[in-house]
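Engineer: Quick one: this structure, given as structure tokens, is what I'll be asking you about.
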Amino acid sequence: MHCKSDRGKNLATNGTNRFVPFVAAFAFSRQIVAEQRKGSCSSDIISKFDPNSIPLGSDKVIQEWLLEPAILEELRGIVGAENMLASPEELMTYECDGLALHRHAPDAVVLPASHEEVARIVEVARKHGIPFIPRGAGTGLSGGALARFGGIVIALTRMKSIRELDFENRQAIVQPGVINLDLSRAASPSGYYFAPDPSSQMVSSIGGNLAENAGGPHCLKYGMTTNHVVALQVVLPSGETVELGSRAADCPGYDLVGVFTGSEGTLGVATRVVLKLSRLPQSAKTLLAGFRSMKEACDAVSVIIARGIIPAALEMMDRRMVRTVNAATHVGLPAEADAVLIIELDGLTSALQVQADQVAEICRQHNCQELRVAKSEEERQMLWKGRKEAFGTLGRMTRDLYLHDAVVPRNRLSEVVSRIYESADRVGVPLACLAHAGDGNLHPILLFNRTKDGEEAKILDLVREMLRICIDAGGTLSGEHGIGAEKNEYMDMLLSAADLEAMRHVRTAFNPDELCNPGKILPGRFSRFC
Amino acid sequence: MPGNMPEIDGVPVEREAVPQSVEELAQAAKEAYAQNLSMVAVGGGTQLHLGNPPRSVRLALHTRQLRGVVEYEPGNLTVSVRAGTILQELQDLLGRENQFLPLDPPHPERATIGGLLATNASGPIRFRYGTARDLLLGIQVVHADGTQTRAGGKLVKNVTGYDMCKLYIGSLGTLGIISELTFKVQPKSEAIATVMLAYPTLRAALEATQRFLRADLMPDALEAWNSAAFQTIAEGAEGAPWALLLRFGETDAAVRWQLDRLRELVSSGGGSILNVLGTAESEEIWRRAASARAPSADGADLWLKLSALHQSITDMERRMVELGERLQARTLLFCHAGTSILYGRYHWVQSECECGEMARAIVELRRQCTAIGGHLVVEKVRPEVKRGLDVWGYEAPALELMRRVKKQFDPKGLLNPGRFVGGI
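Written as structure tokens, this is what we have:
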């Protein structure tokens with residue numbers, strides 16, 4: 006045992022860990038590592054998440070953990086040299102996921118091609134007491150794929166085969182690396198699709214969607230990923246393989262498929278996923294409405310739903326978002342609107358016209374200034390374009406963006422948005438809001454520049470305050486991005502010690518040594534690594 | 178004066194308690210835990226036949242006094258209720274806002290919400306609306322030692338930590354005692370219609386359902402029942418070996434479109450329409466349909482639940498019929514055609530079937546069913562037969578993981594001991 010840091014000591018307690026210290030060999034790569042850290046670890050905020058991060062400006066030698074050559078050799082033997090990454094330059098790509106605020110490089114990345122390879126990798130990690138982190142496309146927004154304590158990242162991107170499309174049972178059998186949209190593309194010629202549609206669906210993988218219980222604009226009507234997962238093949242952290250659930254309905258026993266879904270890669274590695282396919286709706290009708298005030302837009306949302314209409318999607322953009330989109334694209338959203346709603350209805354053609362008329366009438370009753378109804382698929386795409394590009398257009402305005410995820414009861418949405426604006430104004434942080442308004446799922450996007458002194462600390466203080474506002478309104482910490490390494494220290498704001506203990510029971514049953522994706526979901530005090 | 182439950186599956190109930198509040202329930206659990214007493218939670222008692230015989234019942238904890246709606250927000254489509262609330266009472270309340278909880282298990286007039294969650298009970302409309310796992314947003318649980326926890330909330334989207342709700346659904350009170358629940362509710366459809374069709378075989382009925390679904394029909398429920406089963410809800414149905422019942426709930430225009438489309442498909446593709454019912458009649462027939470597979474007073478019956486993939490259902494149906502012939506029972510078959518679940522109810526008019534023979538026949542059917550990836554659960558049978566078999570028949574490697582979960586949540590093994598899979 007040669008670990009120098011406290012982290013090493015902690016790891017050493019099980020007596021099997023074979024981490025060895027590694028002094029970065031190349032001045033060049035060390036410099037890059039330092040640059041990355043300057044970007045991400047410049048404040049005490051990050052050190053809260055990684056107590057061993059290197060204080061900036063110190064002369065301390067940058068130290069990375071590297072696995073013993075013999076262990077690397079074992080891993081290489083499983084996946085082949087071409088499917089293993091272990092040099093600092095290569096590992097840098099894997100030092101964060103979609104949440105770039107937190108970074109830590111793994112010691113090795115392996116890209117297995119089969120269930121058997123995954124099982125062997127997990128066995129190696131378990132045998133040597135090395136943390137391992139399952140990873141999909143790396144688009145997650147809560148640091149779920151962050152190698153907080155180093156270890157082995159198991160990237161499942163090569164396992165992307167669609168094994169079977171069974172339309173009679175409306176099921177698809179896929180490997181975890183299959184891209185969300187590719188599945189729908191494969192099924193759609195036969196009239197089916199995979200309903201969950203996170204914004205990342207062009208790049209995000211089924212395994213990642215499963216881990217995060219991904220949502221998307223259309224989950225208002227069709228539910229989250231968990232409502233579309235039927236059965237799983239999983240390599241448990243013990244190295245055992247189990248089938249959870251079954252293709253046949255109502256598998257006896259506990260619903261471990263439901264528990265595994267949304268467990269953020271902390272309960273094992275799914276190597277085969279059976280999903281529910283949905284019938285493509287006969288048609289869709291899309292409306293876009295600009296409102297004078299956000300309150301009126303939100304009230305319209307509540308009335309639509311209270312009238313018994315469940316749209317497929319009910320999206321909202323606030324004033325700043327609308328202006329940014331208009332400045333950057335040719336979409337031409339209602340320029341004077343304080344809030345814009347995109348309302349999509351789908352289902353049987355014979356039902357849609359009546360419902361669309363009702364929705365339009367409700368919007369008018371709530372003083373909407375402008376109402377557009379798509380008359381063709383092309384126009385429908387145009388109405389969606391502004392929403393789909395909204396996040397990207399913000400990127401042009403600022404150096405850094407923090408895309409936050411919170412959820413409140415839908416009838417509290419406008420009140421919560423205005424309170425969030427008050428808080429942000431008070432500390433001078435500009436923000437824009439997107440919301441899946443039908444679900445009460447809010448995405449405040451904070452604009453900042455992390456190279457400015459104190460900016461990051463300010464942002465994280467604001468995040469805590471925003472979460473407090475949401476919780477006070479009956480909301481929760483995350484609607485669809487997950488807890489990961491981003492919000493695990495906030496879990497106490499919402500959950501009691503006993504509630505958290507029950508969650509720990511789940512983790513212990515699956516992942517007793519906590520080698521599988523350590524330091525996620527539960528607060529640090531529940532982790533032997535923190 | 179607690180209930181009068183002499184026994185559960187032949188095992189005597191030693192003591193009963195009827196807590197008046199969640200706090201009393203927690204206190205009762207805490208005391209029982211200290212004395213290592215086994216505890217069995219009891220709701221409306223409509224599903225007490227489910228499970229292996231308990232190892233012991235030192236204390237039956239009735240949840241029936243934990244009733245009432247805690248919070249209902251029609252605008253949010255959410256409702257929170259205490260576990261002992263009767264399903265029908267909740268439906269009546271939601272109905273005033275033209276909403277409902279889309280769960281239609283047998284006996285809504287007696288079943289408690291907590292009980293139907295613990296048993297993951299469902300009915301025909303699960304084809305459209307899913308089961309409890311698709312509807313439950315939040316849960317409060319009293320654990321074996323009296324600790325209270327909550328998970329989820331009143332939000333339709335929530336990924337704050339592990340999805341504990343899923344763990345408790347269908348766990349048969351072996352991980353904790355459910356005390357309060359929050360659901361996503363649904364607006365009632367503007368119109369409902371029911372179409373009853375006749376087919377010569379289950380295969381023909383199932384082929385028809387596939388054709389209907391490919392033609393964009395969106396039924397709430399798709400039930401294929403054999404003649405004996407169908408006669409329990411409709412008179413004059415003797416002529417149809419198999420009846421297919423379709424329920425459509427939508428806007429008035431969309432229901433009419435689907436009925437027209439269905440008539441076209443039937444005239445070109447076989448089958449014959451027996452009857453078409455409007456909204457009011459439909460509600461009545463589906464109320465009866467939900468309980469038909471599980472009649473209350475039927476002491477000597479055998480109830481089986483078989484699930485398989487669509488491709489194997491007709492083969493399994495034949496074997497279920499053979500089982501009835503072998504045991505000389507009248508066989509009623511209820512198939513959720515949309516989800517490929519077959520419920521079999523075997524009924525003996527005069528003599529009772531010999532225990533050993535019945536157990537052997539069931540085990541044999543299960544072997545055939547497991548071989549094709551299906552499940553066969555014995556939902557109800559006399560305790561003497563239960564002692565000769567495992568009613569769940571689940572032996573996959575995941576069972577060991579389930580035991581680890583159980584051990585974490587109930588290390589002393591006091592909650593409903595022995596009733597669940599693998600003796601959990």
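Residue numbers (our numbering), protein chains in the order written: chain A, 6 to 535; chain B, 178 to 601.
Positions of the beta carbon are idealized from the N, C-alpha and C atoms, including for glycine.
Note that this is a predicted model, so its numbers are computed, not measured.
Determine, for L227/B, whether the minimum Cβ-Cβ distance to residues of chain A falls below 8 Å.
Structural biologist: So no, L227/B is outside the interface.
Engineer: Is there a C-beta anywhere in chain A that falls below 8 Å from the one on F586/B?
Structural biologist: Cβ-Cβ to chain A under 8 Å: yes for F586/B.
Engineer: What three-state label does DSSP hand G426/B in the structure shown?
Structural biologist: If DSSP states are grouped into helix, strand and coil, G426/B belongs with the strands.
Engineer: E420/A to L146/A, Cα distance in whole Å?
Structural biologist: The straight-line gap from Cα to Cα measures roughly 25 Å.
Engineer: In the DSSP output, which residue or residues are listed as bridge partners for R259/B?
Structural biologist: Its beta-bridge partners are E357/B.
Engineer: According to DSSP, D171/A sits in a beta bridge with which residue or residues?
Structural biologist: Beta-bridge pairing links D171/A to Q176/A.
Engineer: To which residues of the same chain is H284/B closer than 6 Å at the C-beta, ignoring the five residues directly before and after it?
Structural biologist: These residues qualify, in order along the chain: T223 and S468.
Engineer: Pull up the distance between the alpha-carbon of R544/B and that of E95/A, whole angstroms please.
Structural biologist: If I take the Cα positions, the gap works out to 51 Å.
Engineer: Per DSSP, what kind of secondary structure is F54/A in: helix, strand or coil?
Structural biologist: Confidence in F54/A is poor, its pLDDT being 34 and thus under 50, which makes the residue's placement unreliable; the coordinate value appears in the next sentence. DSSP places F54/A in helix when its eight states are reduced to three.
Engineer: Using a Cβ-Cβ distance under 8 Å, would K334/B count as near chain A?
Structural biologist: With 8 Å as the cut-off, K334/B counts as an interface residue toward chain A.
Engineer: Using the rule of at least 16 other Cβ atoms within 10 Å of the residue's Cβ for burial, across every protein chain shown, is S63/A buried or exposed?
Structural biologist: Unreliable placement is indicated for S63/A, whose pLDDT of 35 sits below 50; the coordinate value is still reported in the next sentence. Looking at its Cβ environment, which holds fewer than 16 other Cβ atoms inside 10 Å, S63/A is exposed.
Engineer: For Q370/A, which residues of its own chain have a beta-carbon under 6 Å away from its beta-carbon, when the five flanking residues on both sides are left out?
Structural biologist: Excluding sequence neighbours, Q370/A sits near nothing in its chain.
Engineer: Ignoring anything shorter than 3 residues or poking outside the stretch 304-373 of chain A, list the beta strand (DSSP E) runs there in chain order.
Structural biologist: Qualifying beta strand (DSSP E) stretches, in chain order: 318-323 and 344-352.
Engineer: Please state whether DSSP places N446/A in a helix, a strand or coil.
Structural biologist: Reduced to three states, the DSSP call for N446/A is strand.
Engineer: Kindly list the residues whose CB is nearer than 7 Å to the CB of T230/A, restricted to its own chain and excluding five residues on each side of it in sequence; keep chain order.
Structural biologist: Taken in chain order, the residues that qualify are P201, N214, L215, N218, A219 and T266.
Engineer: Using the beta-carbon of each residue, which ones in chain A are nearer than 8 Å to S459/B?
Structural biologist: Correct list: empty, because the minimum Cβ distance to chain A is about 18 Å.
Engineer: From the DSSP output, in three-state form, read off N522/A for me.
Structural biologist: Three-state result, N522/A: coil.
Engineer: Going by CA-CA distance only, name the one from G270/A, L186/A, I178/A and D187/A that's closest to A236/A.
Structural biologist: When each option's Cα is compared against that of A236/A, the closest is I178/A.
Engineer: Hey, is W552/B's beta-carbon within less than 8 Å of any beta-carbon in chain A?
Structural biologist: In the sequence as presented, Trp is not what sits at residue 552/B; that position holds His. True, the Cβ-Cβ gap to chain A drops below 8 Å.
Engineer: Just by C-beta distance, which residues in the stretch 445-464 of chain A are closer than 7 Å to chain B?
Structural biologist: Cβ contacts with chain B come from G445 and N446.
Engineer: Select from P435/A, E384/A, C368/A and L418/A the residue whose C-alpha is nearest the C-alpha of G400/A.
Structural biologist: Minimum Cα distance to G400/A is reached at P435/A.
Engineer: In terms of residue numbering, what span does the beta strand (DSSP E) encompassing K482/B cover?
Structural biologist: Taken as a continuous stretch (DSSP letters only), the beta strand (DSSP E) holding K482/B covers L479 to S484.
Engineer: T547/B and L383/B: beta carbons closer than 8 Å?
Structural biologist: Against a cut-off of 8 Å, the Cβ pair of L383/B and T547/B comes out as no contact.
Engineer: Considering Cα atoms alone, identify which of I369/B, L390/B and L481/B is closest to G426/B.
Structural biologist: The option with the nearest alpha carbon to G426/B is I369/B.
Engineer: Return the residue from the list H487/B, P472/B and F511/B that minimises the CA-CA distance to R287/B.
Structural biologist: The residue with the shortest Cα to Cα distance from R287/B is P472/B.
Engineer: Under the rule that 16 or more other beta-carbon atoms within 10 Å means buried, what is E577/B, buried or exposed?
Structural biologist: It is exposed - the Cβ of E577/B has fewer than 16 other Cβ atoms within 10 Å.
Engineer: Quick one: what's N452/B bridged to in DSSP?
Structural biologist: M373/B.
Engineer: What do you get for E269/A, buried or exposed, if any count of 16 or more other CB atoms within 10 angstroms of its CB means buried?
Structural biologist: Classification of E269/A: buried, given that the 10 Å Cβ count is 16 or more.
Engineer: From the DSSP output, which residues share a beta bridge with P364/B?
Structural biologist: The partner list for P364/B (beta bridge, DSSP) reads Q276/B.
Engineer: By alpha-carbon positions, which one of A130/A, I488/A, E394/A and R168/A ends up nearest to E79/A?
Structural biologist: With distances taken between Cα atoms, E79/A lies closest to A130/A.
Engineer: Short of 6 Å in beta carbon distance, which residues of its chain neighbour K584/B, apart from the five on each side in sequence? Order them along the chain.
Structural biologist: Same-chain partners within the cutoff: there are none.
Engineer: If you reduce the DSSP assignment to three classes, tell me which class E460/A lands in.
Structural biologist: The answer is helix: DSSP assigns E460/A an H, G or I state.
Engineer: Since H284/B meets chain A, which of its residues come closer than 7 Å, beta carbon to beta carbon?
Structural biologist: Simply none; closest approach about 19 Å.
Engineer: Relative to the C-alpha of N253/B, which residue among V183/A, L338/A, R415/A and A110/A is closest?
Structural biologist: Nearest option by C-alpha distance: R415/A.
Engineer: Please name the residue, chosen from L280/A, L357/A, D410/A and D343/A, that lies closest to N185/A on a Cα-to-Cα basis.
Structural biologist: Closest option to N185/A, Cα to Cα, is L280/A.
Engineer: Any Cβ of chain B within less than 8 Å of the Cβ of H510/A?
Structural biologist: Yes, because at least one Cβ of chain B sits closer than 8 Å to the Cβ of H510/A.
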